[in-house]
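Heads up, the sequence shown is in the UniProt record's numbering, so the first residue is 1 and it goes up one at a time.
All C-beta atoms, glycine included, are put in the ideal place defined by N, C-alpha and C.
To start, the structure itself, in structure tokens.
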Amino acid sequence: MSSMPSSPAESGGPDVHAVQRKWQERWAEKDPFRAGGDEDTRPRKYVLAMFPYPSGDLHMGHAENYLYSDIVARFWRHRGYNVLHPIGWDSFGLPAENAAIQRKADPVQWTSANIAQQKTSMKDYGVSFDWSRVLHTSDPDYYRWNQWLFERLYERGLAYRKDGAVNWCPFDQTVLANEQVVDGRCERCGNEVIKKKLTQWYLRITDYADRLLDDLNQLEGFWPQKVIQMQRNWIGRSVGADIDFEIEGRAEKVTVFSTRPDTLHGATFFVVAPDSDLAAELIQGASAEAQERFATYLADVRKATDIDRQSSDRPKTGVFLERWAINPVNGERMPVWAADYVLADYGHGAVMAVPAHDQRDLDFARAFDLPVRIVVDTTAPVTGAIPVIELDEHGVPIDPGGESIDDLDPARTGVALAGEGRLINSGPFDGLSKRTAISRVIDQLQKDGLGRAAKTFRLRDWLISRQRFWGTPIPMIHTDDGRIVPVPDDQLPVRLPAVEGLDLTPKGASPLGAAKDWVEVADPETGAPARRDPDTMDTFVDSSWYYMRFLSPGDTTQPFSSREADKWGPVDFYIGGVEHAILHLLYARFVTKAMFDMGMVEFTEPFTHLINQGMVILGGTKMSKSKGNLVLFQEELDAHGADALRVALGFAGPVEDDKDWDDVSTTGATKFLARALRIAHDVDSETDVVWAEGDAALRRVTHRLWADAPGLIEQTKFNVVVARLMELVNATRKAIDTGAGAGDPAVREAAEAIAMILDLFAPHTAEEMWEVLGYEPFVGLAVWRQPDPTLLVEESVTAVVQVDGKVRATLEVSARIDAADLEARARADEKVRRALGDREIVRAVVRPPKVVSFSTK
Numbered sequence: 001m002s003s004m005p006s007s008p009a010e011s012g013g014p015d016v017h018a019v020q021r022k023w024q025e026r027w028a029e030k031d032p033f034r035a036g037g038d039e040d041t042r043p044r045k046y047v048l049a050m051f052p053y054p055s056g057d058l059h060m061g062h063a064e065n066y067l068y069s070d071i072v073a074r075f076w077r078h079r080g081y082n083v084l085h086p087i088g089w090d091s092f093g094l095p096a097e098n099a100a101i102q103r104k105a106d107p108v109q110w111t112s113a114n115i116a117q118q119k120t121s122m123k124d125y126g127v128s129f130d131w132s133r134v135l136h137t138s139d140p141d142y143y144r145w146n147q148w149l150f151e152r153l154y155e156r157g158l159a160y161r162k163d164g165a166v167n168w169c170p171f172d173q174t175v176l177a178n179e180q181v182v183d184g185r186c187e188r189c190g191n192e193v194i195k196k197k198l199t200q201w202y203l204r205i206t207d208y209a210d211r212l213l214d215d216l217n218q219l220e221g222f223w224p225q226k227v228i229q230m231q232r233n234w235i236g237r238s239v240g241a242d243i244d245f246e247i248e249g250r251a252e253k254v255t256v257f258s259t260r261p262d263t264l265h266g267a268t269f270f271v272v273a274p275d276s277d278l279a280a281e282l283i284q285g286a287s288a289e290a291q292e293r294f295a296t297y298l299a300d301v302r303k304a305t306d307i308d309r310q311s312s313d314r315p316k317t318g319v320f321l322e323r324w325a326i327n328p329v330n331g332e333r334m335p336v337w338a339a340d341y342v343l344a345d346y347g348h349g350a351v352m353a354v355p356a357h358d359q360r361d362l363d364f365a366r367a368f369d370l371p372v373r374i375v376v377d378t379t380a381p382v383t384g385a386i387p388v389i390e391l392d393e394h395g396v397p398i399d400p401g402g403e404s405i406d407d408l409d410p411a412r413t414g415v416a417l418a419g420e421g422r423l424i425n426s427g428p429f430d431g432l433s434k435r436t437a438i439s440r441v442i443d444q445l446q447k448d449g450l451g452r453a454a455k456t457f458r459l460r461d462w463l464i465s466r467q468r469f470w471g472t473p474i475p476m477i478h479t480d481d482g483r484i485v486p487v488p489d490d491q492l493p494v495r496l497p498a499v500e501g502l503d504l505t506p507k508g509a510s511p512l513g514a515a516k517d518w519v520e521v522a523d524p525e526t527g528a529p530a531r532r533d534p535d536t537m538d539t540f541v542d543s544s545w546y547y548m549r550f551l552s553p554g555d556t557t558q559p560f561s562s563r564e565a566d567k568w569g570p571v572d573f574y575i576g577g578v579e580h581a582i583l584h585l586l587y588a589r590f591v592t593k594a595m596f597d598m599g600m601v602e603f604t605e606p607f608t609h610l611i612n613q614g615m616v617i618l619g620g621t622k623m624s625k626s627k628g629n630l631v632l633f634q635e636e637l638d639a640h641g642a643d644a645l646r647v648a649l650g651f652a653g654p655v656e657d658d659k660d661w662d663d664v665s666t667t668g669a670t671k672f673l674a675r676a677l678r679i680a681h682d683v684d685s686e687t688d689v690v691w692a693e694g695d696a697a698l699r700r701v702t703h704r705l706w707a708d709a710p711g712l713i714e715q716t717k718f719n720v721v722v723a724r725l726m727e728l729v730n731a732t733r734k735a736i737d738t739g740a741g742a743g744d745p746a747v748r749e750a751a752e753a754i755a756m757i758l759d760l761f762a763p764h765t766a767e768e769m770w771e772v773l774g775y776e777p778f779v780g781l782a783v784w785r786q787p788d789p790t791l792l793v794e795e796s797v798t799a800v801v802q803v804d805g806k807v808r809a810t811l812e813v814s815a816r817i818d819a820a821d822l823e824a825r826a827r828a829d830e831k832v833r834r835a836l837g838d839r840e841i842v843r844a845v846v847r848p849p850k851v852v853s854f855s856t857k
């Protein structure tokens, strides 16, 4: 083997950067990781990592994310699959635009430079991407299809424009979707968000709310339970009734949604959202003083976020509108209040207040001295026959002993009665259990024409308009006579104008509106003067379907090939951070279902398996420039090489856990890789040796890893696989140094196993080992071997013997020993006999082949 590279032992250790360059050049030349075409008959897997935003060079979060996606992609190639593993850039959005403004630069140039830098770093990192399918969302060839898809949604009534109160970021000077407001702040810049009335474009995601919720059942066991629950909570389906209330002096009734129609007899006042059109209408009939109080109150409400308004510990405030609603079941007049704990876009923007059984209503009633009436006795049993419930003169249930249950009265305790029970003070429904009463009351409302069964959702339609430059132009034209006309397909894409001459500084209106030559166009239908829509799309539109564009990124006739979608879709494994649990994943699921309804795809969920990784932190806290606690990816790459960085991250802990860089050992990884490569150089047997003749003990270690590795990888226990590789390297080193020697066939078998499995984590070192061992490139395409089942049977195991809970002896026994023989061996052992002494064994627990436990007296 004189033609092989020199041994690390001879040269003082491998030159990791030289090894890196060597194999990256060969990968670039041969393109071994390109997904196979129609002629490739292997089964397929589509592996995808969430694509990065090109805000600069890669960081340690990227290093972790793309390591994990590469492990999965390489694993399935080794299992004999044709793997699609593409990469692109989510290149539109606020960070690029803000950076361009700060630098007085063109966002196109700034973004392109960052993409080039990240692409170089990804190649240096050795990620096995299919580089023939690269895309970036700010490319007109990509966003043309964003616009095309928007117009298809518009045709189906799923894209629409309306006036409404929206989330407004004063810093970024743009609107935000509900999902982009975190704890009342902009998820991009962290500044407080306010409410503002604007006319905006929305996607009707609520039309899919039931399917988005119910189809989560398909993902059970394949997505992290945490993410599934977060989506369920965000969609927030509530089932109940729409109830029609009359407002004195108003011809049209007001509809209220309630999940507790059984408590309708307990409604004692009526509340509307102060920022709703209904409140603005009702206050017009009030006194001047009331109108002034309301105007002052409304101004304060508009400064608060929805999160603040919904807070349970926020003091209850409101204004009486000097109007009265009529309870439809008993005719009682109820005062109408405006209060900020009711939101204009939840249900119908109004609620019937039942203070005895709703804590927020109770807090409000106690603050303004409004009546509280108990209509559900939560002390009454809900099973068995309907009991006779006696009430005292105040309508409070009396217990069988004749004593009033005053201590439960919410008006005094301040605690609403929200549990199960039976109805009281509810006329014909008295005595019914809560659950039975809900359906009976709904039936009665429908019969009387006063209401109907209904459901509502926490989910709101997706607001996609953005008043910024760096995004997909919304492809709609506004005519002088008020029509909105889609740009014809043959005129797509509507390209962004040149930046030169435009002021991109946020001003509350899109900079595109000032691009006169761009915005002024002809009406496609009449030829009359018209104007383009000046807003751009939320960048989450870009990422809602990008995974499909990878299937045919160069196609100029359609967004993607349905034929390719049938072959590859949906994505088999999707890898990324849990921070996208709601926004991106929810939007991608919605758009996939819409594309299914349009006949574009044959599946309804975009991502079959979801893998969420934790963060890479430093000193127990998240890395950030402001804290000065950054670990720079390129510096680590330069210092240690890609393979050591990859192995160190892969070994650092479970995928889903945060990894503190202080605990990540690149030094240990470097030493391990040098030991592995040295083994390949030490092997002193040819490729055609008969392995079965080798060291049986080493072969068992090798074949146990072959048997266990696939299951460990599929369970994302990557750190365990690294630990098992280290164990095999140590066993092989021992066999070389103190066993049968470097010429033993079992040593070659172990070395080849190390190279093939190490390829998941350290592909450059693995390729070098493979070449040293005498094989043609590329180990990354080598199909893993099957374990020999005869080597998986343990010939002997160590059995533990306990006496009264303490380990007193260990026994080497046959792995196939039965319970009687194992107990006899334990009783006969000298150490066990000494531990027992004269005491009597009263209980023996025997679990062959590993445990015997004696209890004595």
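Just the Cα atoms here: how many angstroms apart are threonine 784 and methionine 756?
Within the sequence shown, the letter at position 784 stands for residue 784. Within the sequence shown, the letter at position 756 stands for residue 756. For the sequence presented, residue 784 should be read as tryptophan rather than threonine. Looking at the backbone, the Cα of tryptophan 784 and that of methionine 756 are separated by about 7 Å.
Can you grab the Cα-Cα spacing for the pair residue 859 / glutamate 564, in whole Å?
Residue coverage of the chain in this structure runs from 1 to 857, which leaves residue 859 outside it and unanswerable.
Leaving out five residues before and five after serine 132 in sequence, what residues of the same chain have Cβ atoms less than 6 Å from its Cβ?
Taking the first residue of the sequence shown as position 1, residue 132 is located at position 132. Closer than 6 Å at the Cβ level, and outside the excluded window around serine 132, lie Arg34.
When you compare only the Cα positions, how much space is there between arginine 834 and aspartate 818?
For the purposes of this step, residue 834 is identified with residue 834 of the sequence shown, where counting begins at 1. For the purposes of this step, residue 818 is identified with residue 818 of the sequence shown, where counting begins at 1. Going by the C-alpha atoms only, they are around 24 Å apart.
Which residues does DSSP pair with serine 55 in a beta bridge?
By 1-based counting over the sequence shown, the position of residue 55 is 55. In the DSSP assignment, serine 55 is bridged to no other residue.
Does glycine 694 pass the burial test, meaning 16 or more other C-beta atoms within 10 Å, or should it be called exposed?
As a working mapping, residue 694 is identified with position 694 in the sequence shown. Buried is the label assigned to glycine 694, since at least 16 other Cβ atoms lie within 10 Å of its Cβ.
With DSSP collapsed to three states, give me the class of valine 372.
On the sequence shown, position 372 is the one that residue 372 refers to. For valine 372, the three-state secondary structure derived from DSSP is coil.
Taking valine 239 and aspartate 275 to be in contact with their CB atoms under 8 Å, please state how far apart those CB atoms are, rounded to whole angstroms.
In the sequence shown, counting from the first residue as 1, residue 239 sits at position 239. In the sequence shown, counting from the first residue as 1, residue 275 sits at position 275. Rounded, the Cβ-Cβ distance is 27 Å, inconsistent with contact.
For proline 32, does the three-state DSSP call read helix, strand or coil?
The residue given as residue 32 occupies position 32 in the sequence shown. Three-state result, proline 32: coil.
Only counting runs of 3 or more residues, tell me where the beta strand (DSSP E) segments fall wholly within the stretch 658-691, in order along the chain.
As far as the stretch 658-691 is concerned, it has no whole beta strand (DSSP E) run of at least 3 residues.
Straight-line CA distance for isoleucine 424 to alanine 380?
On the sequence shown, position 424 is the one that residue 424 refers to. On the sequence shown, position 380 is the one that residue 380 refers to. So the two alpha carbons sit approximately 10 Å from each other.
For tryptophan 462, the three-state DSSP class (helix, strand or coil)
The residue labelled residue 462 in the question sits at position 462 within the sequence shown. Three-state result, tryptophan 462: strand.
Label glutamate 605 either buried or exposed according to how many other C-beta atoms from any shown protein chain fall within 10 Å of its C-beta, with 16 as the threshold for buried.
The count along the sequence shown starts at 1 and reaches residue 605 at position 605. Buried, because 16 or more other Cβ atoms sit within 10 Å of the Cβ of glutamate 605.
The alpha helix (DSSP H) spanning valine 193 covers which residue range?
The sequence position of residue 193 within the sequence shown is 193, counting from 1. No alpha helix (DSSP H) contains valine 193, which DSSP labels as neither H nor E.
Bridge-paired residues (DSSP) for threonine 856
By one-based count along the sequence shown, residue 856 stands at place 856. DSSP output for threonine 856 lists Ile841 as bridge partner(s).
To the nearest whole angstrom, what separates the beta carbons of leucine 67 and leucine 630, a pair I think is in contact under 8 Å?
Position 67 of the sequence shown, counted from the first residue, corresponds to residue 67. Position 630 of the sequence shown, counted from the first residue, corresponds to residue 630. About 19 Å; that fails the 8 Å criterion.
Continuous beta strand (DSSP E) stretch holding isoleucine 243: start and end:
Along the sequence shown, one-based indexing puts residue 243 at 243. 237-247 is the extent of the beta strand (DSSP E) around isoleucine 243.
Coil, strand or helix - lysine 850 by DSSP
For the purposes of this step, residue 850 is taken as the residue at position 850 of the sequence shown. In this structure, lysine 850 counts as coil in the three-state DSSP scheme.
Closest by CA to valine 813, which one among Glu794, Arg704, Asp804?
By one-based count along the sequence shown, residue 813 stands at place 813. In terms of CA proximity to valine 813, Glu794 leads the group Glu794, Arg704, Asp804.
Residues bridged to cysteine 169 by DSSP?
In the sequence shown, counting from the first residue as 1, residue 169 sits at position 169. Answer is Thr174.
For threonine 666 and tyrosine 587, I'd like the C-alpha separation in whole angstroms.
As a working mapping, residue 666 is identified with position 666 in the sequence shown. As a working mapping, residue 587 is identified with position 587 in the sequence shown. Spanning the two alpha carbons is a distance of roughly 38 Å.
7 Å Cβ shell around arginine 77 - same chain, five flanking residues per side excluded
Here the question's residue 77 lines up with position 77 in the sequence shown. Beyond the five residues adjoining it in sequence on each side, arginine 77 comes within less than 7 Å, by CB distance, of Val83, Gly780, Leu781 in the same chain, given in chain order.
Considering only their Cβ atoms, is the gap separating valine 846 from leucine 822 smaller than 8 Å?
Taking the first residue of the sequence shown as 1, we reach residue 822 at position 822. Taking the first residue of the sequence shown as 1, we reach residue 846 at position 846. The answer is yes: Cβ separation under 8 Å.
Among the candidates Ile228, Ile101, Gly184, Thr199, whose CA atom is the shortest distance from the CA of histidine 609?
Within the sequence shown, the letter at position 609 stands for residue 609. Among Ile228, Ile101, Gly184, Thr199, the Cα nearest to that of histidine 609 belongs to Ile228.
Counting along the chain, where does the beta strand (DSSP E) carrying leucine 811 start and finish?
Position 811 of the sequence shown, counting from 1, holds the residue named residue 811. 806-814 is the span of the beta strand (DSSP E), which, as asked, contains leucine 811.
Are the beta-carbon atoms of aspartate 480 and proline 529 separated by less than 8 Å?
For the purposes of this step, residue 480 is identified with residue 480 of the sequence shown, where counting begins at 1. For the purposes of this step, residue 529 is identified with residue 529 of the sequence shown, where counting begins at 1. Closer than 8 Å, so yes.
Is the beta carbon of isoleucine 477 sitting closer than 8 Å to the one on arginine 532?
Taking the sequence shown and counting its residues from 1, the one referred to as residue 477 is at position 477. Taking the sequence shown and counting its residues from 1, the one referred to as residue 532 is at position 532. Closer than 8 Å, so yes.
Have a look at Ala742, Val722, Pro559, Thr539 and flag the residue whose alpha-carbon is nearest the alpha-carbon of proline 52.
The sequence position of residue 52 within the sequence shown is 52, counting from 1. Nearest option by C-alpha distance: Thr539.
To the nearest angstrom, report how far apart arginine 699 and leucine 725 are at their CA atoms.
If you number the sequence shown from 1, residue 699 lands on position 699. If you number the sequence shown from 1, residue 725 lands on position 725. One Cα belongs to arginine 699, the other to leucine 725, and the distance between them is close to 14 Å.
Using CA atoms only, rank isn't needed, just tell me which of Asp183, Pro506, Leu212, Pro488 is closest to arginine 468.
Within the sequence shown, numbered from 1, the residue matching residue 468 stands at position 468. Minimum Cα-Cα distance from arginine 468 among the listed residues Asp183, Pro506, Leu212, Pro488 corresponds to Pro506.
Could you tell me how far apart the beta carbons of aspartate 542 and phenylalanine 129 are, in whole angstroms, since I believe they sit closer than 8 Å?
Residue numbering aside, residue 542 sits at position 542 when the sequence shown is read from its first letter. Residue numbering aside, residue 129 sits at position 129 when the sequence shown is read from its first letter. The C-beta distance from aspartate 542 to phenylalanine 129 rounds to 19 Å, too long to meet the 8 Å contact threshold.
Alpha carbon to alpha carbon, how far is glutamate 403 from glycine 427?
Here residue 403 refers to the residue found at position 403 of the sequence shown. Here residue 427 refers to the residue found at position 427 of the sequence shown. Caution is warranted here: a pLDDT of 41 is assigned to glutamate 403, below 50, making its placement in the model unreliable, and the coordinate value is therefore given only provisionally. So the two alpha carbons sit approximately 23 Å from each other.
Give the single residue among Phe603, Phe245, Asp658 whose Cα lies nearest to the Cα of proline 328.
Working through the sequence shown from its first residue, we reach residue 328 at position 328. Looking at the Cα atoms, Phe245 is the closest of the given residues.
Isoleucine 575: which of Leu585, Pro848, Pro475, Ser853 sits nearest, CA to CA?
As a first step, residue 575 must be located in the sequence shown, where it is residue number 575. Of the listed residues, the one whose Cα sits closest to isoleucine 575 is Leu585.
Between valine 16 and aspartate 643, is the Cβ-Cβ spacing less than 8 Å?
Within the sequence shown, residue 16 is the residue found at index 16, counting from 1. Within the sequence shown, residue 643 is the residue found at index 643, counting from 1. Result yes, Cβ atoms of valine 16 and aspartate 643 sit closer than 8 Å.
Ends of the beta strand (DSSP E) at phenylalanine 257?
Position 257 of the sequence shown, counting from 1, holds the residue named residue 257. Counting along the chain, the beta strand (DSSP E) containing phenylalanine 257 begins and ends at 254-258.
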